[in-house]
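In the working numbering, the protein residues as written are 325 to 505.
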């Protein structure tokens, strides 16, 4: 027999559980690491989303936020895409089953996407760079960018253009506010 005051508590706990589930779904799509240096050193021509083949301790370590994309790149070997130099430190609670931090990991793409990327990389002066690693519906994904290296003068041009755009937006903001007409 359930009393009225007990029933209210049951309904409250059910509502709390429903709220937690909604919040967990929102946390599922979170960025774990970004490669900001890649956007500075390379011109990104195209991007593609791909899955990652990981072992259990790797995904646990990634969820702790321990991942570094510095100096990582992707290669195409025998029709398969691999990411190299992606540093995922060993899981803190792991035992002898821990993974090696810099092992080569396979990326999952459709055959047509791999063929397209292979053709573009063979054309010359282009490489595959991981731009972002994130979780999507509980799965680890990598945003891979087809990139072409920038020269020093290209980098300086980009910095100048960015500064000019910033000055223009600042001036437009002042004119709209009526500070300096």
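Heads up, the beta-carbon is just placed ideally off N, CA and C, and yes, glycines get one too. None of these values were measured; they are calculated from a predicted model.
Under a three-way DSSP split, which group does residue 389 fall into? Three-state DSSP puts residue 389 in coil, outside helix and strand.
Quick check for students: name the residue ranges of the beta strand (DSSP E) that lie wholly in the stretch 383-433, counting only runs of 3 or more. Listed in chain order, the beta strand (DSSP E) runs fully inside the stretch 383-433 are 397-401, 404-408, 429-432, counting runs of at least 3 residues.
*asked:* With a threshold of 8 Å, are at least 3 pairs of Cβ atoms found where one atom belongs to the stretch 412-425 and the other to the stretch 354-367?
replied: Touching, no.
Closer than 6 Å: residue 414 CB and nearest the ligand NAD heavy atom:
The model depicted lacks the ligand NAD and carries no ligand whatsoever.
Just tell me which of 476, 400, 500, 477 has its CA closest to the CA of residue 429. Nearest of 476, 400, 500, 477 to residue 429, Cα basis: 400.
Please classify residue 385 as buried or exposed, where buried requires at least 16 other C-beta atoms within 10 Å of its C-beta.
Residue 385 is classed as buried because its beta carbon has at least 16 other beta carbons within 10 Å across all chains shown.
Check residue 474 in the structure and name its three-state DSSP category. Residue 474 carries a coil assignment under DSSP once its states are collapsed to helix, strand and coil.
#### Entry: Every unbroken beta strand (DSSP E) within the stretch 434-486, with a cutoff of 3 residues, ordered by chain
You should have 450-460, 463-473.
Continuous beta strand (DSSP E) stretch holding residue 356: start and end
In this chain, the beta strand (DSSP E) harbouring residue 356 covers 355-358.
- Return the first residue and the last residue of the beta strand (DSSP E) that residue 378 is part of. In the DSSP assignment, residue 378 falls outside any beta strand (DSSP E), carrying neither H nor E.
query: Between residue 445 and residue 499, what straight-line distance do the alpha-carbon atoms span, to the nearest angstrom?
result: Spanning the two alpha carbons is a distance of roughly 47 Å.
- For residue 381, which option in 360, 395, 418, 405 has the closest C-alpha, if you only look at C-alpha atoms? Cα-wise, what sits closest to residue 381 is 418.
Do you know offhand how far residue 472's Cα is from residue 453's? Between residue 472 and residue 453, the C-alpha separation is close to 10 Å.
TODO: Please go through the same chain and pick out, in chain order, the residues whose beta-carbon is closer than 7 Å to the beta-carbon of residue 395, but skip the five residues on each side of it.
DONE: Contacts found: 409.
_Proximity to residue 465 [Cα-Cα], best of 369, 378, 475, 502_ = Of the candidates 369, 378, 475, 502, the one whose C-alpha sits nearest the C-alpha of residue 465 is 378.
- Message: Going by the DSSP bridge assignment, what does residue 368 pair with across the sheet?
- Response: The partner list for residue 368 (beta bridge, DSSP) reads 471.
Checklist entry - Just the Cα atoms here: how many angstroms apart are residue 359 and residue 443? => result Residue 359 and residue 443 have their C-alpha atoms some 24 Å from each other.
*asked:* Measuring alpha carbon to alpha carbon, tell me which residue in 356, 485, 432, 387 is nearest residue 398.
replied: Comparing Cα-Cα distances from residue 398 to each of 356, 485, 432, 387, the minimum goes to 432.
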